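Residue numbers (the numbering used here), protein chains in the order written: chain S, 2 to 623; chain B, 1091 to 1221.
Here a beta-carbon is modelled for each residue, glycine too, at the ideal position from N, C-alpha and C.
This one's a predicted model, so the numbers in the text were calculated from it and none came from an experiment.
These notes are about the structure you will find just below.
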Amino acid sequence: MRNLASSASSAAIEAEVTSAGSSAVSLPPEAWRELLALSQDESADRALLERLLDHWRFAHGAAFAAVYLEREGRLELEVASPSAGFAGARWLPGMNGSEAPPPALEAAAASAAALEGSDPGVLTFPGGCLLVSPRPPAAVNQETAANPETAVNPEGEAGAPGIEHGPLPLLLLSSLKILRLRQEIKDQQFQVNYRVVELESLYDVGLAVAATLDLEKLSEEILLRAVSLLDARRGALYILEGSRYRLQRTFGGDAAPWYDSGGAEGEEIPETPEGRKLRAFLAGESPAPPSELLPGARYLLGVPIDIDGSPRGLLAVGDKESRRGVGPFPASDRRTLGLFANQAAIALENARLHLQALEKERLEREMQLAADIQRRILPRGAPEVPGYELIGWNRPARQIGGDYYDLFQRQDGRVDLVVGDVSGKGMPAALMVSTLHSALHLLLDQVGVGPALLEMLNRHVFESSTSNKFITLLLAELEPASGRLTYLNAGHNPALLLRHGAEAPPDVAVAGAAPASDAVKVEELGASGLPIGVLSGSRFQARGIILEPGDLLCIYSDGITEAESPDDEEFGTARLLALLREHRRRPLAEVLEAIQNATGSFSAGLPQGDDQTLVLLRRRLA
Amino acid sequence: MKAGTSMTESLNLTVDRRDGLAVIYTEGYINNQGGEEIARAAYKLLDEGFKVLLLNLAGTKIVNSIGISILIEIIEKMIEINGKLGFCCLTPTIDKTFHIMGLAQYAPIFDTEERALAELGELGELGGHRG
Chain S
2 MRNLASSASS AAIEAEVTSA GSSAVSLPPE AWRELLALSQ DESADRALLE
52 RLLDHWRFAH GAAFAAVYLE REGRLELEVA SPSAGFAGAR WLPGMNGSEA
102 PPPALEAAAA SAAALEGSDP GVLTFPGGCL LVSPRPPAAV NQETAANPET
152 AVNPEGEAGA PGIEHGPLPL LLLSSLKILR LRQEIKDQQF QVNYRVVELE
202 SLYDVGLAVA ATLDLEKLSE EILLRAVSLL DARRGALYIL EGSRYRLQRT
252 FGGDAAPWYD SGGAEGEEIP ETPEGRKLRA FLAGESPAPP SELLPGARYL
302 LGVPIDIDGS PRGLLAVGDK ESRRGVGPFP ASDRRTLGLF ANQAAIALEN
352 ARLHLQALEK ERLEREMQLA ADIQRRILPR GAPEVPGYEL IGWNRPARQI
402 GGDYYDLFQR QDGRVDLVVG DVSGKGMPAA LMVSTLHSAL HLLLDQVGVG
452 PALLEMLNRH VFESSTSNKF ITLLLAELEP ASGRLTYLNA GHNPALLLRH
502 GAEAPPDVAV AGAAPASDAV KVEELGASGL PIGVLSGSRF QARGIILEPG
552 DLLCIYSDGI TEAESPDDEE FGTARLLALL REHRRRPLAE VLEAIQNATG
602 SFSAGLPQGD DQTLVLLRRR LA
Chain B
1091 MKAGTSMTES LNLTVDRRDG LAVIYTEGYI NNQGGEEIAR AAYKLLDEGF
1141 KVLLLNLAGT KIVNSIGISI LIEIIEKMIE INGKLGFCCL TPTIDKTFHI
1191 MGLAQYAPIF DTEERALAEL GELGELGGHR G
């Protein structure tokens, strides 16, 4: 940091110098002691320079003297004597490596407010110049220094005017050199510190990206830091949506809300003229940016925001600042901007994954809701029917299923049994189940069990569902008193009826069934029509049987018989029939449990492949 | 989410001259232009006799290296004249930047304007500003 350490007044110096003579620089001991003290104080470089300039000015009888040092290609005022009241320009045109003052510098010196009305002189030295007014005789009569480093300017040598011989000019130049070196060290320290700021900034952005999913906030954070660290005047962050880049955030001026690279939906940067231009620009192969990006910016730098090589957006900054105005970005800035783009890519990917997780969560909630609705559609228990045992059970393969069953008793005592299986699984199947449930109950009230009901139901389902959707359905109605069971089977698995006390005829015996000693007569309640919803004009036929005491009826869905083992073998009708035979005299809950256990063991822990539904009806023995 | 949210680039300055010190409020980007504006305002205040200045950066979210170098020059100038410059209400990012860049070593940084005024105000009174 600079520090003023002045002790002697200008008037005192003037007196000293005057007494010593105007051209011979002979300072009194007190002045040398002061200069020595200042030279030993690290913080007094500027004060030393000012004091030396004061001595030099008075030695030459000049009204003003000002030292300018070359910085960023132009000359900046460093010190002036007298330090107060100098009204010359702070900046002068640069010398561009020349030791001779260019005409522009001469003109600037002449036009400097403090030097007006006089004959200003410009004396050059390496890395700067000295403006003095009026022009010293040495500068008028002498020509330039042959060795500017030592500030020697012997008389008679050709060249631009320079600083003359003597210890004072030498000290002045040495002091300037020290000041310049200190300034260089300071500048380098500034650059090192700013590099630390850059690293810290990237680290902080990384933390922010990990800590929040707020894409708007992160976009601002990333853009602001990129703009500031690259000394840009403007910036914009675009996110790729479909084939177009949407402006997410801009700084320092307007930018196009959309940038279209001319590609198709989901296409990466396309092979269109605009796409090629964008690709070349983002790769740093072409300085020409697409026209819409940061309109009005003179210099642009852009990098892609990529995730695994797939473009997700772009980050652009415009107009690199310096003390002289704006200019192009150096190549090293591309790397820095790329690091910020990487952070943006991570933020975008995190946000996308988060949205995906939220969507999944929402779907799961909806599925759970649908499952609750479906559970309410299914009966909570079986009606108590005197003289009969009745039980029903359903287990969907997923949260919601495509199987349906219902058991309910009408006011006149008749009992309706329904088992249906909608093609497919999941939500579409569940929606069909809901449709089936509503339509079936409506039609049962209107037309009762019979072909007309299924034909109306068929038309309704056919018209309201997609072409590949259908329902297999077994609908039966029991008159408890007589044991008469009227049924319609629309493409569903044949229900199995085990007659009590009757031996099985050879043609009904199923491979793998129970031994002959335990054989019972089995009847199948097979299909009497196509599945519901296959053809608009399907016809159905009602059939009837009499349930005798002890007879057991099993209506099931194919999720039971098609349950698979780890060896890809199906459970099959034979195993189901064997279980029914074995347990046919047991309470129905135990029969059901036996079937559940058997299918579970058969699948050996494999995920259930299909919905499973079972309805068991047995007429009690008298 | 607002698409294409834009942030301003230019710096707006307001100056509050108080007894013993002056507060400069900034709003916007402290870059080359913004820094120069602050410097002009600060040097004008010095010419008016204020030797204690407070820069309230509550309205500034962003500062670049050019702006920082200009602020350093202002700090140096304040030291030369035995004055004092303080900062307050910095964003965490700017606060960190000022510490790394060494500004905090020569110009105190305060969380709030109240604290800054309490501390710098005493200096202003000692400095005998004519305000």
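query = When DSSP labels each residue in this structure, what does residue 235 of chain S get in the three-state scheme?
reply = strand
key: Rounded straight-line distance, which links the Cα of residue 68 of chain S to that of residue 338 of chain S   = 39 Å
ask   = For residue 1192 of chain B versus residue 1142 of chain B, is the C-beta spacing smaller than 8 Å?
value = no
ask   = Using the beta-carbon of each residue, which ones in chain B are nearer than 7 Å to residue 71 of chain S?
value = Per Cβ cutoff of 7 Å: no residues; residue 71 of chain S is ~17 Å from chain B at best.
task = Can you grab the Cα-Cα spacing for the pair residue 548 of chain S / residue 451 of chain S, in whole Å?
result = 19 Å
ask   = Along the segment 324–355 of chain S, what residues have a CB closer than 7 Å to any CB found in chain B?
value = 324
query = Nearest to residue 534 of chain S by alpha carbon, out of S:491, S:95 and S:286?
reply = S:491
message = Does the segment 583–592 of chain S come into contact with the segment 372–382 of chain S, if we say contact requires no fewer than three beta-carbon pairs (one atom in each stretch) closer than 8 Å?
response = no
query = Going along the chain, which residues of its own chain have a beta-carbon closer than 6 Å to the beta-carbon of residue 133 of chain S, five neighbours each way excluded?
reply = 63, 66 and 122
Listed by chain order, chain S residues near residue 1154 of chain B by CB distance under 7 Å = 229, 232 and 322
task = Go through its chain and collect everything with a Cβ distance to residue 613 of chain S's Cβ below 6 Å, but skip five positions before and after it.
result = 396, 560 and 561
message = Which residues in chain B have a C-beta closer than 7 Å to the C-beta of residue 225 of chain S? List them in chain order.
response = 1151 and 1152
message = Does the CB of residue 1186 of chain B have a neighbour CB from chain S at under 8 Å?
response = yes
ask   = Does the beta carbon of residue 370 of chain S fall short of 7 Å from some heavy atom of the ligand GTP?
value = In terms of ligand content, the structure shown is empty, and the ligand GTP therefore cannot be addressed.
key: Nearest candidate by alpha-carbon position, reference residue 478 of chain S, set S:532, S:449, S:470 and S:501   = S:449
For residue 615 of chain S and residue 593 of chain S, the rounded distance between their alpha carbons = 8 Å
message = Contact between the segment 1175–1187 of chain B and the segment 1137–1157 of chain B is defined here as three or more beta-carbon pairs at a separation below 8 Å; is this criterion met?
response = yes
request  = For chain B, find out if any of its Cβ atoms is closer than 8 Å to the Cβ of residue 68 of chain S; answer yes or no.
outcome  = no
inquiry  = Rounding to the nearest angstrom, what Cα-Cα distance links residue 295 of chain S and residue 241 of chain S in this structure?
reply    = 17 Å
message = Check for me: the alpha helix (DSSP H) holding residue 191 of chain S runs from which residue to which?
response = 168–212
request  = Along the beta strand (DSSP E) that carries residue 1115 of chain B, what are the first and last residues, could you check?
outcome  = 1112–1117
inquiry  = Taking the beta carbon of residue 355 of chain S as the centre, do at least 16 other beta carbons fall within 10 Å, making it buried, or is it exposed?
reply    = exposed
key: Exposed unless 16 or more other CB atoms sit within 10 angstroms - verdict on residue 385 of chain S   = exposed
ask   = Under a CB-based cut-off of 8 Å, is residue 642 of chain S close to chain B?
value = Nothing in the structure corresponds to residue 642 of chain S, since chain S is present only between 2 and 623.
ask   = In whole angstroms, what is the alpha-carbon distance linking residue 390 of chain S and residue 574 of chain S?
value = 23 Å
query = When the distance is taken between beta carbons, is residue 256 of chain S closer than 8 Å to residue 237 of chain S?
reply = yes
ask   = Can you tell me the Cα-Cα spacing of residue 81 of chain S and residue 1171 of chain B, whole angstroms?
value = 16 Å
key: Of the residues S:175, S:353, S:282 and S:330, the one placed nearest residue 308 of chain S, counting alpha carbons only   = S:353
ask   = Can you tell which of S:419, S:83 and S:402 has its C-alpha closest to the C-alpha of residue 409 of chain S?
value = S:419
ask   = For the segment 46–63 of chain S, which residues have a beta carbon sitting closer than 9 Å to at least one beta carbon of chain B?
value = 47
request  = Give me the Cα-Cα distance between residue 444 of chain S and residue 368 of chain S, rounded to the nearest whole angstrom.
outcome  = 28 Å
request  = Please list the partners that residue 1164 of chain B has in chain S, where partner means a Cβ-to-Cβ separation under 7 Å.
outcome  = Those within 7 Å of residue 1164 of chain B in chain S number zero; the least Cβ separation is about 12 Å.
key: Proximal residues of chain B, C-beta to C-beta of residue 191 of chain S below 9 Å   = 1155, 1158, 1159, 1162, 1191 and 1192
Beta strand (DSSP E) runs contained entirely in the segment 538–602 of chain S, provided each spans 3 or more residues = 544–547 and 553–557
key: Contact check, residue 371 of chain S vs residue 402 of chain S, beta carbons under 8 Å   = no
Residue burial classification, residue 227 of chain S (beta-carbon count within 10 angstroms, cutoff 16) = buried
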